[in-house]
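A.B. asks: Take this structure, written in structure tokens, and hold onto it; I'll ask about it next.
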């Protein structure tokens, strides 16, 4: 029997950043697997061409010994006009507009790590997709558990909002 829930689950213990829940997903499957999961949602409003938006989400690495503890450096968020899907569990062939800083391992198991950036809309974007868009060869990893071969993360508190000019 698997424990599914918040704050305690099979992968560890973590309170939600905000609200009562978060999602979890595999972002690195390790060779030869290259397994990826993504979170995708439709925005409430379509982004407007030329407007600037603050885009952010938070990640946390699970703390359980059961969890497969491989930390990666770059999680990303893709904004698109249509939903994206490759029909497989391989990395999606897109370049996300918002990413965590390269070279900084997302290995905090006690706190939520904010990933954010500013995005100027091309117009028509109405979907977000979160995950690791790099293949295994280009994914920078650090193994925190010697028997680990994949990376799993919690994701919470995703937001996209227009930056209003202070007039």
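Residue numbers (our numbering): 1 to 167.
Glycine included, every Cβ here is placed at the ideal spot set by N, Cα and C.
Check whether the Cβ atoms of residue 27 and residue 72 lie closer than 8 Å to each other.
C.D. replies: Closer than 8 Å, so yes.
A.B. asks: When DSSP labels each residue in this structure, what does residue 135 get in the three-state scheme?
C.D. replies: It is coil, neither helix nor strand.
A.B. asks: To the nearest angstrom, report how far apart residue 127 and residue 43 are at their CA atoms.
C.D. replies: Rounded to whole angstroms, residue 127 to residue 43 spans 6 Å at the Cα level.
A.B. asks: For residue 8, count neighbouring C-beta atoms within 10 Å of its own C-beta (all shown protein chains included) and say buried if the count is 16 or more, exposed if not.
C.D. replies: Under this definition residue 8 is an exposed residue.
A.B. asks: Measuring straight from C-alpha to C-alpha, what distance separates residue 53 and residue 121?
C.D. replies: One C-alpha to the other measures close to 7 Å.
A.B. asks: In whole angstroms, give me the CA-to-CA distance for residue 146 and residue 51.
C.D. replies: Going by the C-alpha atoms only, they are around 46 Å apart.
A.B. asks: Tell me whether residue 125 is buried or exposed, calling it buried when 16 or more other Cβ atoms sit within 10 Å of its Cβ.
C.D. replies: Its Cβ being crowded by 16 or more others within 10 Å, residue 125 is buried.
A.B. asks: Going by the CB atoms, is the gap between residue 38 and residue 139 shorter than 8 Å?
C.D. replies: Not a contact, by the Cβ cut-off of 8 Å.
A.B. asks: From what residue to what residue does the beta strand (DSSP E) around residue 19 run?
C.D. replies: Per DSSP, residue 19 belongs to no beta strand (DSSP E) and is neither H nor E.
A.B. asks: Report buried or exposed for residue 95, applying the criterion of at least 16 other Cβ atoms within 10 angstroms of its Cβ.
C.D. replies: Residue 95 comes out exposed.
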